[in-house]
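Heads up, the sequence shown is in UniProt numbering, so the first residue is 1 and it goes up one at a time.
For glycine and all other residues, C-beta sits at the position ideal for the given N, C-alpha and C.
All of these numbers come straight from a predicted model, not from anything done at the bench.
Structure first, commentary second.
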Amino acid sequence: MLGSPVLDPRALDVQALRLMRAIADHGSLTAAAAAIGSSQPAVSQHVRRLERRLGTALLERAGRGVRLTEAGRVLAHHGATVTAAVGAAAAEVLSLTTLRSGRVRLMAFPSATATIVPRALADLRERHPGLAVTLDEAEPPQALEALRTAACDVALVFAYPGVPTAGGGLEGLVTRHLVDDGTVVALPEAHPAAQADAGLDLADLADDVWIAGCPRCRGHLLAAGSARGFTPRIAYATDDYVAVLGLVAAGLGVALLPGLVLPTALRTPGVVVRPASGTADRTVHAVTTPDLLRVPAVAAALDALATAARTLPSLTSGRPRA
Numbered sequence: 001m002l003g004s005p006v007l008d009p010r011a012l013d014v015q016a017l018r019l020m021r022a023i024a025d026h027g028s029l030t031a032a033a034a035a036i037g038s039s040q041p042a043v044s045q046h047v048r049r050l051e052r053r054l055g056t057a058l059l060e061r062a063g064r065g066v067r068l069t070e071a072g073r074v075l076a077h078h079g080a081t082v083t084a085a086v087g088a089a090a091a092e093v094l095s096l097t098t099l100r101s102g103r104v105r106l107m108a109f110p111s112a113t114a115t116i117v118p119r120a121l122a123d124l125r126e127r128h129p130g131l132a133v134t135l136d137e138a139e140p141p142q143a144l145e146a147l148r149t150a151a152c153d154v155a156l157v158f159a160y161p162g163v164p165t166a167g168g169g170l171e172g173l174v175t176r177h178l179v180d181d182g183t184v185v186a187l188p189e190a191h192p193a194a195q196a197d198a199g200l201d202l203a204d205l206a207d208d209v210w211i212a213g214c215p216r217c218r219g220h221l222l223a224a225g226s227a228r229g230f231t232p233r234i235a236y237a238t239d240d241y242v243a244v245l246g247l248v249a250a251g252l253g254v255a256l257l258p259g260l261v262l263p264t265a266l267r268t269p270g271v272v273v274r275p276a277s278g279t280a281d282r283t284v285h286a287v288t289t290p291d292l293l294r295v296p297a298v299a300a301a302l303d304a305l306a307t308a309a310r311t312l313p314s315l316t317s318g319r320p321r322a
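In structure tokens, the structure reads:
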């Protein structure tokens, strides 16, 4: 039993369909050629090639012009659809490249979501109101994993000197340095060291009870204490820096905090903040992938984050990227 004949779809292309639509609209090869920016001989040759590939006539003479056969009318009908789709695709891409639309998914750690990110989002909304930006909170290891698995477009992360970067590291990723974030000590207002004018040496707090933050922040606290000759006695630990400040305000201990927490700490009753001397800054980066960096919306988000970071020197003891 013979199978049904099959037409190779490669016999058709966008140019052929647009040509048949133009012939249907203008009624002659000459007018159709002018409409698509070609010549009458080139159009005639294109139609003949197309008829040979399809094995059927597409045109028939009608006085001084031409008329589409049934097969020609089918192609012209689909040519209108294809032409509209191509135009819509071009318009959507133009909208993306000119930042009239687009999507950016951010992930950031808590102290950045309270400081750098709001300023960046406000800047993006003002400059590019058509962009859709979403934000999820995550610690650096989780944010980097999300970036590598295409669950976010930009991850805000931090790192302390000598502490390996978690989440698979930064290899193969694109980083934008935002700020060198200094360190402060949060004390209960009744603490003897609360009246000190200069920065506090952590060694002077060796006998205090400590309240620790996120796991990587705890690691930094232990390393900083070790560098000053003692092991911090950690009685309380929480990933929520607002909870850390609440415990300090209740007089339950002291805490080592990143500078990005300073605005919140200064507004917390019962807490006094002093610079920590001899402690290393942490670096804060915005991270994306090489492919995403070429997406205009992502590039705009990185620029907005960098601009926001430059507004922070008065809020932190750190130094923004020049």
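About 36 Å separates the Cβ atoms of Leu96 and Pro258, ruling out a contact at the 8 Å cut-off.
Nearest neighbour of Gly102 by Cα position, chosen from Thr30, Arg310, Ala308 and Ala299, turns out to be Ala299. In this structure Glu139 is buried. Its beta-carbon is surrounded by 16 or more other beta-carbon atoms within 10 angstroms. Counted as a single uninterrupted DSSP element, the beta strand (DSSP E) harbouring Gly65 occupies residues Gly65 to Leu68. For Asp204, no beta strand (DSSP E) encloses it, and the DSSP letter there is neither H nor E. Contact between Val209 and Ala235 is confirmed by a C-beta separation of about 5 Å, below the 8 Å threshold.
Going by C-alpha positions, Pro263 is about 16 Å away from Ala276. With contact defined as three or more Cβ pairs closer than 8 Å, the region 61-68 and the region 25-34 are in contact. With respect to Pro188, Ala151 sits apart: the two C-beta atoms are not nearer than 8 Å.
With at least 16 other beta carbons inside 10 angstroms of its own, Gln142 counts as buried. Setting aside the 5 residues that flank it on each side, Leu50 is surrounded in the same chain by Ala16, each with a C-beta closer than 6 Å to its C-beta; the list follows chain order.
Apart from sequence neighbours up to five positions away, the residues of its chain that approach Ala11 with a beta-carbon distance below 7 Å are Arg53 and Leu54, ordered along the chain.
Less than 8 Å divides the Cβ of Thr288 from the Cβ of Leu302. Taking all protein chains shown into account, Asp281 has 16 or more neighbouring C-beta atoms within 10 Å of its C-beta and is therefore buried. If one requires a minimum length of 3 residues, the beta strand (DSSP E) runs lying completely within the region 41-91 are 59-62 and 65-68, in chain order. By the neighbour-count criterion, in which a residue is buried when 16 or more other Cβ atoms sit within 10 angstroms of its Cβ, Val133 is buried.
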